[in-house]
Structure formats: structure tokens, C-alpha cells
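In what follows, a single structure is set out as C-alpha cells and then discussed.
2 protein chains.
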Amino acid sequence: MTDPRFSTKQRILGAAEDLFARRGFAGASLRQVTSAAKVNLAAVNYHFGSKDRLIEEVFRRRLDELNAGRLAALKRALANPRPELEDVLAAFINPALELCLDKEGGAAFVRVLARAYAEHNERLRKFLSDNYGHVLKEFAAAFAKLLPHLDKEELYWRLDIVAGAVTYAMADFGVIKRRSGQSEREFRERAAEHLIRFAAAGLRE
Amino acid sequence: MTDPRFSTKQRILGAAEDLFARRGFAGASLRQVTSAAKVNLAAVNYHFGSKDRLIEEVFRRRLDELNAGRLAALKRALANPRPELEDVLAAFINPALELCLDKEGGAAFVRVLARAYAEHNERLRKFLSDNYGHVLKEFAAAFAKLLPHLDKEELYWRLDIVAGAVTYAMADFGVIKRRSGQSEREFRERAAEHLIRFAAAGLRE
DNA sequence: CAACGCTTCAAACAAACGTTTGAATTCTAG
DNA sequence: CTAGAATTCAAACGTTTGTTTGAAGCGTTG
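Have a look at this one:
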């Protein structure tokens, strides 16, 4: 994050991601961010314009890739002539899991994402819905085909619950801690497995 | 909230609850709180000592009652010789639902509670676990009896997922909006029904 | 090397922050 | 009615906040 191989912009984004995850958008100051990134305070306003726009860029950097991954995984799942419910769930969850495990700062970002929900910030919600709403639409359509016994309202309710459970579990808000012998990857993969099985059961009824 | 029938202390707690829900703990300032409560700025430090202790009191005021309600409902559910899984889930969820619907500011508080999860704040987590951890233990024991086919680890995973879904749904982080013809009460009760059915299916597998 | 645009920098800005103070006011006993 | 405690109040404390400024440094291009 402070690695001088990375550009000033990247270092700021990395430090902001980490601090927003740990202290929230209001709780993390630009001085804390720039000091962690080892850049000058004014660099944020030079490169991003304002703190609000920095927050948006923290989202954009990850979500473009995450949502592309989710759509690609969905496409692969639906290539199968008789896709299983679990496959579509995995198409939604696994790219987020990979983000957590493989990308530097990915785990922090997932917590930032969960914070965005809690913020209830209209500006932020509009930004997310404008830029990434179509992804959720495509998944909703796929689930609708696999669950023809559910009417539209019933389906939306359940998807909303699934989204909540996924967000919460990925951000490890829960109380379950990784066991000492267990690797971070093992732990996360187990969490995803449980999540998929649980959500599938709840969706099917 | 600004009603002069209420004491200074109560007005501060009410205003703080509302503003913490909307802007977070760091995002809501004591000046905003005292101005909304129509009390003097210094009143917070006079009555509570500090902002941190005000935050704790916002939790304590509601959680004492909420958790007492949950334990009472659990006891009633277990009075039945063959209690259903749905009854225990309802014992956990319905008191939170009542808080949302019947208590002034209850809906705001549920969102404050969801923020506490997002905060990952060690001090806050310890406070909550010290004061209300025993409630979760009792529910876990009740679920364990009803789901003997699940080993301890499996059960804890699923309860963690349920807790996440409940928190998320109660704080209405989701995208589902109340229909125009529907009352807040109807809407919330539907949400709780869906939640119980979904969670029961996921727990039973 | 000179001139240029891009980036970094230390310093300062006004505003807002949590907290403290000491005097004014209100309430409560005796 | 009065003494003393409890509460409210305006004002100020020293920090920290996001943002702006103008000069200094940098690498590229003519």
C-alpha cells in the first residue's frame, strides 16, 4: 500500500480502502489516508477532487472487475442446459470470494461494501444502482427461471434476504472466528459453501 | 424527540439514536445531536460524560428491553413440549419487530444496531458481548436441541448466517420498498414472515 | 538548455469537532 | 424564605476536519 512501485493514485486508493473498512467513511480522515499511503495531504484533492469522489473511486476500482466476473460466471452457469440453483448462487458468491482471497486489499473492500449498505446514503446508493444495477437484474432473471413456483414478489423478498446474508457473511460481521490450524482460504471457502447451501435451501423452500 | 415533556437525558438519547442511524457514530456530531434535541451542547458531557458513553447508553436503553423480550418469548416457545423451529425463530425476530413498530425511534435503533456490526469496533463489541452475550447463548442451545442432526460447527455457521440475514432485513438495507397501499406494519410483518420461513428452510437444510 | 505541463509539497484557510469552564438559573429540602 | 445541590447556559479551549494556495520539483518535448 505504501509500496513506492505503485502510483500515488493507487496508493491513496489502497490506503483509503483499508481505512474506510476499519473506521467508516466519516471516521477515516484524509490525513490518516494520506499518511498511511505516504503521500502529501493535497494529493487527494489533486487526483480525485474531493473526499466524496475518492469514495466513489474506491468502489469503482473493484466493482467494475467484480461485476464483470459475476456476469461471466453467470453466463458460464447458464451455458449448461439444466443449470442448478447452486450454480447461479456460486456465480454470484465465488467472484466475491476470489476478490477477498486473491486481491491485495480485497477483504477490506468487501467490508467497505457492507458499510455502503449501512450508510443508507442516497448519493452512494444512486451511484451503485446506476453503475451496477443491471448485474442484479440479470441474476434476478436467472433465479426467476430456476424458481418458477415463486411469484415475482416472493422471489424478490428472498433475493433480498440472500443479498443480506451474503454481504454480512463476506464482510465477516459474524462471530465465527477462523480456527488456528485453518488457513484464511480454507475458512473463507467453507463460509461460501455454507452460504450457498443455506441460501439454496431458503430459496427452494 | 424535542418534546419538552421528556427529560433532557431522554431527548438527547432520542436525537442521538436518530442521527447515529442516519449518519453513523463518527458522522453525527454532538452539535447536531444537541441541536436536534433542543438542549445545550454541554448537556451531553454533563449527563453522559463523553460521546462514547452516550453511544453505549443509546444501546443499553433499548437492548435491556429487547433482550428481555427475546428471552421471555423463548421461554414461552419452549414451554410447548414439542416446539417448532419456526417458534424459536419467531421468539428471536418478533421482539425486534415490535421494537421497530411500536416504539418511538425503534426503527432507527435497529439501524444503529446494524451499524454496530459494521463498525467492527472492539470496545463496542465487548460492551455488547459482555451485556447481552448470554441471550445468544440461550438461543443457540434451543436451536441445538431442535437441530440434532447438525454438529456444533455446522450449527454455528448457520446461526451466524441467520443473524446476518435478520440484522440486514430489520435494518431494511435491502432494495425492496413498501408498496404505496401498504402500511408500515403490514410491510414489516411480511418481511418477518419471509425471514422466518427462509431461515427455517436454511437451518433444516 | 529552455519552456512546458504534470505532480508534489509545506503551509495556511475557515469551519467543525469533543470537551471544559464558571457563572446563571432552576429545583429541592430544611 | 433560604441554603445548597442539580442543572442549564454561553463562551471558550485546543484539535482536527476538508479544502485551497502558490511555490518548488519533476520529466518530457521542442
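Chains A and B supply the protein sequences, listed in that same order.
So that you can map any letter, position 69 of the first sequence is 69 in the working numbering, and since no number is skipped, the others follow by simple counting.
Every position in the second sequence, counted from 1, becomes a number in the working numbering once 1000 is added.
Even for Gly, the Cβ is constructed at its ideal location relative to N, Cα and C.
Any beta carbon from chain B within less than 9 Å of residue i's own beta carbon?
i, result
"Y132 (chain A)", "no"
"A208 (chain A)", "Not covered by the structure: residue 208 (chain A). The range shown for chain A is 1 to 205."
"L203 (chain A)", "yes"
"A192 (chain A)", "no"
"R239 (chain A)", "Outside the shown range of chain A, which is 1 to 205, sits residue 239 (chain A), and nothing can be said about it."
"A90 (chain A)", "no"
"T167 (chain A)", "yes"
"G164 (chain A)", "yes"
"F109 (chain A)", "no"
"F198 (chain A)", "yes"
"I93 (chain A)", "no"
"I82 (chain A)", "One point to set straight first is that residue 82 (chain A) is Arg, not Ile, in the sequence displayed. Output row for R82 (chain A): interface = no."
"L114 (chain A)", "Before going on, a small fix: residue 114 (chain A) reads as Ala here, not Leu. Yes, its Cβ sits closer than 9 Å to a Cβ of chain B."
"L136 (chain A)", "yes"
"R178 (chain A)", "no"
"R22 (chain A)", "yes"
Measuring only the C-alpha atoms, how far is residue i from residue j?
i, j, result
"G106 (chain A)", "L54 (chain A)", "17 Å"
"I1012 (chain B)", "Y46 (chain A)", "40 Å"
"H149 (chain A)", "V162 (chain A)", "18 Å"
"P83 (chain A)", "A90 (chain A)", "11 Å"
"F1006 (chain B)", "K177 (chain A)", "43 Å"
"E56 (chain A)", "R1123 (chain B)", "29 Å"
"E119 (chain A)", "E1086 (chain B)", "31 Å"
"F1020 (chain B)", "D1160 (chain B)", "25 Å"
"E1186 (chain B)", "N121 (chain A)", "25 Å"
"L78 (chain A)", "R1158 (chain B)", "28 Å"
"G1014 (chain B)", "Q1032 (chain B)", "12 Å"
"E205 (chain A)", "T1034 (chain B)", "48 Å"
"L1101 (chain B)", "V1166 (chain B)", "16 Å"
"D1151 (chain B)", "F198 (chain A)", "15 Å"
"L146 (chain A)", "L30 (chain A)", "46 Å"
"E1184 (chain B)", "E153 (chain A)", "17 Å"
"A1073 (chain B)", "R1022 (chain B)", "30 Å"
"A1144 (chain B)", "V1039 (chain B)", "49 Å"
"L1203 (chain B)", "I196 (chain A)", "12 Å"
"H194 (chain A)", "A1201 (chain B)", "13 Å"
"A142 (chain A)", "K1126 (chain B)", "42 Å"
"N1080 (chain B)", "P81 (chain A)", "48 Å"
Exposed or buried, residue i, counting other C-beta atoms within 10 Å across all chains shown (16 or more means buried)?
i, result
"A28 (chain A)", "buried"
"G1133 (chain B)", "exposed"
"E17 (chain A)", "buried"
"L41 (chain A)", "exposed"
"G181 (chain A)", "exposed"
"G49 (chain A)", "exposed"
"R70 (chain A)", "buried"
"A140 (chain A)", "exposed"
"R1188 (chain B)", "buried"
Can you confirm whether residue i, when its beta carbon is compared against all beta carbons of chain A, has any partner nearer than 9 Å?
i, result
"D1160 (chain B)", "yes"
"E1186 (chain B)", "no"
"F1173 (chain B)", "yes"
"E1119 (chain B)", "yes"
"E1154 (chain B)", "yes"
"R1031 (chain B)", "no"
"L1195 (chain B)", "yes"
"R1062 (chain B)", "no"
"R1053 (chain B)", "no"
When the Cα of residue i is compared with those of the options, which residue comes out closest?
i, options, result
"F109 (chain A)", "A:K126, A:A141, A:L159 and A:A96", "A:A96"
"G1164 (chain B)", "B:A1043, B:R1188, B:A1026 and B:A1116", "B:A1116"
"R1112 (chain B)", "B:R1060, B:L1203 and B:K1038", "Residue 1112 (chain B) is actually Val in this sequence, not Arg. Comparing Cα-Cα distances from V1112 (chain B) to each of B:R1060, B:L1203 and B:K1038, the minimum goes to B:R1060."
"D52 (chain A)", "A:A169, A:D64, A:R62 and A:F25", "A:F25"
"L99 (chain A)", "A:A199, A:K126, A:A171 and A:L30", "A:A171"
"Q10 (chain A)", "A:A43, A:K137 and A:E184", "A:A43"
"D130 (chain A)", "A:L203, A:F143, A:K152 and A:L63", "A:L63"
"V1135 (chain B)", "B:A1068, B:R1031 and B:K1103", "B:A1068"
"A37 (chain A)", "A:K75, A:T8, A:A114 and A:R125", "A:T8"
"R1190 (chain B)", "B:K1152, B:R1076, B:A1169 and B:V1058", "B:A1169"
"L1128 (chain B)", "B:K1145, B:A1199, B:V1058 and B:N1094", "B:V1058"
"A192 (chain A)", "A:R125, A:F92 and A:V175", "A:F92"
"E65 (chain A)", "A:F173, A:K103, A:A144 and A:A114", "A:K103"
"G174 (chain A)", "B:Y1156, B:G1174 and B:V1175", "B:Y1156"
"E138 (chain A)", "A:R125, A:A201, A:V88 and A:N94", "A:V88"
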